[in-house]
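Novice: My questions will all concern the structure given below.
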Amino acid sequence: MLRTHTCGELDKTHVGDTVTLCGWVDSYRDHGGGLFVDLRDRYGLVQVAFNPPDTSPVEIEASKQLRAEYVIKVTGRVAERPPGKANPNLTTGDIEVRATQLELLNKSKTPPVSPSAAKQDLPGEDLRLEHRYLDLRRPEMQRVLMLRDRIVKGMRDYFAEHDFIDVETPCLGRSTPEGARDYLVPSRVHPGNFYALPQSPQLYKQILMIAGYDRYVQVARCFRDEDLRADRQPEFTQLDLEMSFVDADDVIGEIDGLCQKLAKEELGLDLQLPLPRMTYDEAMRRFGHDAPDLRFGLEIIDCTDLAPKSDFGVFKNVVAGGGFVRAINVKKGTEQYSRRGIDGLTEFVQGLGAKGLAWFRCEEDGKLGSTIAKFFSDEVLAEFAERLGAEAGDLILFSAADWDMTCKVLHALRTKVGREMKLYDPQAMHFSWVVEFPMFAQDEETGHWAAMHHPFTAPLDEHVPLLETDPGKCRAKAYDLVINGSEAGGGTIRIHDAAVQSQVFSLLGIDAATADDRFGFLLHALQYGAPPHGGIALGIDRWVMLFGRLDSIRDCIAFPKTQKATDLMTEAPGEVDARQLKELSLKINV
RNA sequence: GGCGCCGUAGCUCAAUUGGUUAGAGUACUGGACUGUCGAUCCAGUGGUUGCGGGUUCGAGUCCCGUCGGCGUCGCCA
């Protein structure tokens, strides 16, 4: 080792010791007769003093060449700082290292991204990504990567203690047409054929259950070639697990325990178990979303039955057409949202596809007022006010449309208003489950049914008859873990009954030949003694994002990709040699 | 693919209604300084205003296109 100690570990107990440190020059303060260097490594920051008489004139002269991010090795004696010179902002602020020897290990060009930059001086994200090795030197990035390390380790330890075994599954698999777009890898040995990178280890983990490994877990990299978002990357990491001889409650209970453990360890939070659960239908009714943010209320209130009592054409027509009129009551919202502010909200919902935004203000006398109030009689206005619990200063925002659009609009409004009116503590963490998702969603144009989760998801036992009579009402043994309005994990119990499986396939329009072609290996395996099984996958990147209170998933990943799925540091993806293409029997057509 | 925001010195930003030679802080270079910790003080270097076109007497500013970054809708079983 070139060093005897790390920069962060020194304190008063080391006073008098001679130490050798290695690290990067975080900053330097040249004082003429001597100078001070803040030396940084992964463990912290310590002040190194190059002052007479401890430091020789030769070493002081050499120290004047130091610049930001130079890598040095320093030997010196740990000393208590002179009275009144301690720095309370530094954990090592009581002491300093009085240098006797300086060795320059490496120079640095002037860094375009400064690891010691204050938050408001943080360079643009494109620069940070291009020079990620500098960005990752920032204490904040180190905090996040270390948090990530502890979360993953905490998960691994937890499942190891619960008798799960870690099994690796292939990255080179077979493309299945369902779900997200695949990343493809061409095969050299089989010209014209392709592997697909896994969207998740779904099929393999089911095979492992059939193979008798009744508790499987893996930290698995997953790939989906879809457009990116602030919380979505093309490759991401899941804590994937599967269990045999279980029902939904068992899987949920297992994850409940994990949440409790990690919330305690990382957030100091005591979670009451079981975590709250809500059905999908209730979530959509009360919050308009399958992953509601339960840190605050602002629930949706249905006014569909009242709407036709008005003479307001929009309401009447929507209801007559089978649509819904629903609203949120923004308590004291008129202070935050003036007429101009409401115009802004109108533009906001129009951007989501809404035709407009109907609204009421509750006046001082408790009556509802609005540009549309003239279409409502006093009696009907009073009915609305009562239904909505309107009090002076409240702002009522409506969505009148089909069910899906009212959900989309009111969820977006609720999220926006909740954030803008600070209806919750940004430090708060809320864990809950949404359960019993629909089995199928119907394509509006074709009328075809599509699996909401995947085609192996089991329906609720009592809903099996609905597969024949009313698939849209059929609910699944599916469950999503929701943290602060973010989907932090999701899973299902799988079908292990061949008859139910073929029923689902036929509903999805997958005939026997197609099913055999796509996932024949799984269907075959299911015929050799498949245990009832189910599992879940947790989005590790999102867990880190939520536990670390970060706004972007890119800040939780050491080397993330941009919105266009490029790596600004390596400049991936890139072109390849003609020779490589020839070996793969590929021709580029652009 | 649609919509929106952004792009000015190495970095973070400013630049009035379209108007003189595009400024500031920081970094960098040189100098001064024996206790600083965002050190301080003096001086200096540093610009294809992302790129291309257009409008105009005149464009960092307005228009069109394009590239890049971000957000969002579609998409993400």
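Residue numbers in the first sequence follow the numbering used here, run continuously in steps of one, and reach 625 at the last position.
Ideal Cβ positions, reconstructed from N, Cα and C, are used throughout, including at glycine.
(1) Taking the C-alpha atoms as reference points, what is the distance between ASP275 and ILE571?
(2) Leaving aside the five residues before and after ALA215 along the sequence, list all residues of the same chain whose C-beta is less than 6 Å from its C-beta, in chain order.
(3) Could you pull the start and end residues of the alpha helix (DSSP H) that MET278 belongs to?
(4) What residue range is occupied by the uninterrupted alpha helix (DSSP H) comprising ARG178?
(5) Do you know whose CA, among TYR514, ASP89 and ASP61, lies nearest ASP316's CA?
(6) Just to confirm the assignment: which complete beta strand (DSSP E) runs, minimum length 3, are found wholly within the stretch 62 to 143?
(7) Helix or strand or just coil, what does DSSP make of ALA318?
(8) Give me the residue from THR53, ALA103 and ASP76 with the minimum Cα distance to ASP65.
(9) Following the continuous beta strand (DSSP E) through ASP337, name the residue where it begins and the one where it ends.
(10) In chain order, what residues of the same chain have a beta carbon less than 8 Å from the beta carbon of ALA425, not counting five sequence neighbours either side?
(11) Using CA atoms only, rank isn't needed, just tell me which of VAL535, ALA593, ALA114 and GLY544 is closest to GLU270.
(12) Could you please give me the residues that DSSP links to CYS397 through a beta bridge?
(13) ARG330 to ARG167, Cα distance in whole Å?
(14) Go to ARG361, then tell me how far its alpha helix (DSSP H) extends in each direction, as first and last residue.
(15) Secondary structure at SER537, three-state DSSP: helix, strand or coil?
(16) State the Cα-Cα distance for the pair GLU522 and SER434, rounded to the nearest angstrom.
(17) If you draw a straight line from the alpha carbon of ASN624 to that of LEU616, how long is it in whole angstroms?
(18) Whole-angstrom Cβ separation of LEU558 and ASP551, contact assumed at under 8 Å?
(19) Give the DSSP bridge partners of ILE592, in chain order.
(20) Which same chain residues end up closer than 6 Å to LYS142 when comparing Cβ atoms and leaving out the 5 residues on each side of it in sequence?
(21) Can the beta-carbon of THR110 be found closer than 8 Å to that of THR48?
(22) Tell me where the alpha helix (DSSP H) around GLY555 begins and ends.
(23) Would you kindly check if the distance between the Cβ of LEU70 and the Cβ of CYS57 is under 8 Å?
(24) Could you tell me if SER345 is buried or exposed, where buried requires 16 or more neighbouring beta carbons within 10 angstroms of its beta carbon?
(25) Suppose you measure from the CA of VAL539 to the CA of ILE245; what does that come to, to the nearest Å?
(26) Kindly indicate the opening and closing residues of the alpha helix (DSSP H) around GLU627.
(27) By the 10 Å Cβ neighbour count, where 16 or more other Cβ atoms means buried, how is GLU196 classified, buried or exposed?
(28) Compare the C-alpha of GLY292 against each of ASP602, PRO309, ALA153 and MET278 and name the closest.
(29) If you draw a straight line from the alpha carbon of ALA427 to that of ALA408, how long is it in whole angstroms?
(30) Specify whether the stretch 434 to 445 and the stretch 371 to 380 touch according to this definition: at least 3 beta carbon pairs, one from each stretch, less than 8 Å apart.
(31) Say whether the stretch 445 to 459 touches the stretch 327 to 341, bearing in mind that this needs 3 or more beta-carbon pairs closer than 8 Å, one atom from each stretch.
(32) Just to confirm my understanding: we take HIS446, look at its own chain, exclude 5 residues before and 5 after, and list those with CB closer than 6 Å. What are they?
(33) With contact counted as at least three CB pairs below 8 Å, one residue from each stretch, are the stretch 212 to 227 and the stretch 593 to 612 in contact?
(34) If you follow the alpha helix (DSSP H) that GLY348 is part of, which residue opens it and which one closes it?
(35) Starting from MET313, follow its DSSP beta bridges and name the residues at the other end.
(36) Could you spell out where the beta strand (DSSP E) holding GLN25 opens and where it closes?
Specialist: This is what the structure holds:
(1) Taking the first residue of the first sequence as position 1, residue 275 is located at position 240. Taking the first residue of the first sequence as position 1, residue 571 is located at position 536. Taking the straight line from one Cα to the other gives about 6 Å.
(2) As a working note, residue 215 is residue 180 in the first sequence. Around ALA215: GLN234, ARG259 and GLU261.
(3) Position 243 of the first sequence holds residue 278. Careful: MET278 lies outside any alpha helix (DSSP H), inside the beta strand (DSSP E) at 270 to 279.
(4) Locating residue 178 in the first sequence gives position 143, where the first residue counts as 1. Counting along the chain, the alpha helix (DSSP H) containing ARG178 begins and ends at 174 to 196.
(5) Locating residue 316 in the first sequence gives position 281, where the first residue counts as 1. Ranking the options by Cα distance to ASP316, first place goes to TYR514.
(6) 70 to 76, 79 to 85, 106 to 115 and 130 to 141
(7) Counted from its first residue, the first sequence places residue 318 at position 283. Helix, per DSSP.
(8) Taking the first sequence and counting its residues from 1, one reaches residue 65 at position 30. Nearest C-alpha to ASP65 among THR53, ALA103 and ASP76: ALA103.
(9) Indexing the first sequence from 1 puts residue 337 at position 302. ASP337 -> beta strand (DSSP E) spans 335 to 337.
(10) Position 390 of the first sequence, counted from the first residue, corresponds to residue 425. These residues qualify, in order along the chain: ASN364, PHE395, CYS397, GLY401, LEU403, PHE419 and ILE431.
(11) As a first step, residue 270 must be located in the first sequence, where it is residue number 235. The candidate whose alpha carbon is nearest that of GLU270 is ALA593.
(12) Numbered from its first residue, the first sequence carries residue 397 at position 362. Partner(s): LEU403.
(13) Locating residue 330 in the first sequence gives position 295, counting from the first residue. Locating residue 167 in the first sequence gives position 132, counting from the first residue. Here the C-alpha atom of ARG330 lies approximately 34 Å from the C-alpha atom of ARG167.
(14) Within the first sequence, the letter at position 326 stands for residue 361. Following the DSSP letters along the chain, one finds ARG361 in no alpha helix (DSSP H) but inside the beta strand (DSSP E) bounded by residues 359 to 365.
(15) Indexing the first sequence from 1 puts residue 537 at position 502. In the structure shown, SER537 sits in a helix (DSSP, three-state: H, G or I).
(16) Mapped onto the first sequence, residue 522 falls at position 487. Mapped onto the first sequence, residue 434 falls at position 399. The straight-line gap from Cα to Cα measures roughly 25 Å.
(17) Start at 1 with the first residue of the first sequence, and residue 624 comes out as number 589. Start at 1 with the first residue of the first sequence, and residue 616 comes out as number 581. Counting only the Cα atoms, LEU616 lies some 12 Å from ASN624.
(18) Taking the first sequence and counting its residues from 1, the one referred to as residue 558 is at position 523. Taking the first sequence and counting its residues from 1, the one referred to as residue 551 is at position 516. Correct: roughly 7 Å between the Cβ atoms.
(19) Walking along the first sequence from the start, residue 592 turns up at place 557. As DSSP reads the structure, ILE592 sits in no beta bridge.
(20) If you number the first sequence from 1, residue 142 lands on position 107. Cβ within range, chain order: TYR105.
(21) Your numbering for residue 110 matches position 75 in the first sequence. Your numbering for residue 48 matches position 13 in the first sequence. Cβ distance not < 8 Å, so THR110 and THR48 don't count as in contact.
(22) As a working note, residue 555 is residue 520 in the first sequence. Looking at the DSSP string, the run of the alpha helix (DSSP H) that includes GLY555 is 547 to 561.
(23) For this step, residue 57 is matched to residue 22 along the first sequence. For this step, residue 70 is matched to residue 35 along the first sequence. Taking 8 Å as the Cβ cut-off, CYS57 and LEU70 do not qualify as a contacting pair.
(24) Here the question's residue 345 lines up with position 310 in the first sequence. Answer is buried; the Cβ neighbour count reaches 16.
(25) The sequence position of residue 539 within the first sequence is 504, counting from 1. The sequence position of residue 245 within the first sequence is 210, counting from 1. For VAL539 and ILE245, the distance between alpha carbons rounds to 20 Å.
(26) Coverage of the chain is limited to positions 36 through 625, which leaves residue 627 absent and any answer about it impossible.
(27) Along the first sequence, read from residue 1 onward, the residue named residue 196 stands at position 161. With fewer than 16 Cβ atoms within 10 Å of its Cβ, GLU196 is classed as exposed.
(28) Along the first sequence, read from residue 1 onward, the residue named residue 292 stands at position 257. It is PRO309 whose Cα lies nearest to the Cα of GLY292.
(29) Along the first sequence, read from residue 1 onward, the residue named residue 427 stands at position 392. Along the first sequence, read from residue 1 onward, the residue named residue 408 stands at position 373. ALA427 and ALA408 have their C-alpha atoms some 16 Å from each other.
(30) no
(31) yes
(32) By one-based count along the first sequence, residue 446 stands at place 411. Answer for HIS446: GLY323 and HIS324, listed in chain order.
(33) no
(34) Residue 348 sits at position 313 when you count from the first residue of the first sequence. Here the alpha helix (DSSP H) through GLY348 covers 348 to 355.
(35) As a working mapping, residue 313 is identified with position 278 in the first sequence. MET313 pairs with VAL469.
(36) Since the first residue shown for the chain is 36 and the last is 625, residue 25 is missing from the structure and cannot be characterised.
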